[in-house]
Amino acid sequence: MAEILAGLYPWVKALHIISVISWMAGLFYLPRLFVHHVERAGSDGETHEIFTMMEEKLLRVIMNPAMIATWIFGLCLVFTPGIVDWSSFWPWFKAAGVIAMTVFHMWLAARRKEFATGTNTRSGRTYRIMNEVPTVLMIVVVFSVVLKF
Numbered sequence: 000m001a002e003i004l005a006g007l008y009p010w011v012k013a014l015h016i017i018s019v020i021s022w023m024a025g026l027f028y029l030p031r032l033f034v035h036h037v038e039r040a041g042s043d044g045e046t047h048e049i050f051t052m053m054e055e056k057l058l059r060v061i062m063n064p065a066m067i068a069t070w071i072f073g074l075c076l077v078f079t080p081g082i083v084d085w086s087s088f089w090p091w092f093k094a095a096g097v098i099a100m101t102v103f104h105m106w107l108a109a110r111r112k113e114f115a116t117g118t119n120t121r122s123g124r125t126y127r128i129m130n131e132v133p134t135v136l137m138i139v140v141v142f143s144v145v146l147k148f
């Protein structure tokens, strides 16, 4: 298995990067949709229905598959011999960032359900603040991998 992973390394790495970009795009965009949903659409009517549909499709069609692919290809990289030195600090720091990003993804999914049922209680300001979370986590992950501190 190790030889297969080593031989596929460039392909797996490329697919991992593509998956991460797709996932990050969704993590940046969904909270922004929530801001506009709260401030422009309210909790009923045609605009509410349009926002609800957009949020659900973004989460289910793009974000969920991208997150799953990111995890699968990332774990393949982790198990490729010679790629990760677990005695260093960086892989643990990166792992913490990826886990935090996954928890944030789940938080967004729960908020989407609240919008769909008309039970959202958070303000546009809350979602604007939460929109910064993926940026901070992205910085943690990228610096961990590139600088390998």
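In numbering that gives the first Met the number 0, the protein residues as written are 0 to 148. Yeah, the Cβ is synthetic: ideal placement off N, Cα and C, and Gly gets one too. Predicted model, so just to flag it, every value in this text is computed and none were measured.
7 Å CB neighbourhood of residue i in its chain, flanking five on each side removed
i, result
"F78", "L4"
"L76", "V11, K12, H15 and I82"
"P133", "M23, L26, F27, M100 and F103"
"D43", "G117"
Span separating the alpha-carbon of residue i from that of residue j
i, j, result
"P64", "F142", "25 Å"
"I128", "L26", "13 Å"
"G6", "K56", "35 Å"
"T46", "G117", "13 Å"
"I71", "L107", "21 Å"
"K147", "W89", "5 Å"
"I67", "I61", "10 Å"
"P80", "L136", "26 Å"
"S124", "W85", "The residue you asked about is not Ser; residue 124 is Arg in the sequence shown. Cα to Cα, R124 sits roughly 40 Å from W85."
"P9", "N130", "32 Å"
"G41", "Y126", "14 Å"
"A109", "W91", "27 Å"
"R59", "I20", "16 Å"
"M0", "V97", "25 Å"
8 Å Cβ shell around residue i - same chain, five flanking residues per side excluded
i, result
"A95", "V139"
"E54", "L29, L32, F33, H36, R111, F114 and A115"
"K93", "V139, V140, S143 and V144"
"M105", "none"
Exposed unless 16 or more other CB atoms sit within 10 angstroms - verdict on residue i
i, result
"W87", "It should be noted that the sequence gives Ser, not Trp, for residue 87. Answer is exposed; the Cβ neighbour count stays below 16."
"W22", "buried"
"L74", "exposed"
"S18", "buried"
"T69", "buried"
Contacts around residue i, its chain only, beta-carbon distance under 6 Å, and the 5 residues preceding and following it disregarded
i, result
"E38", "G123"
"R121", "none"
"N119", "E113"
Contact test: residue i Cβ vs the ligand ZN heavy atom, cutoff 8 Å
i, result
"S21", "As for the ligand ZN, it is missing from this structure, which has no ligand bound."
Do three or more CB pairs link the stretch 100-107 to the stretch 37-50 at distances below 8 Å? no
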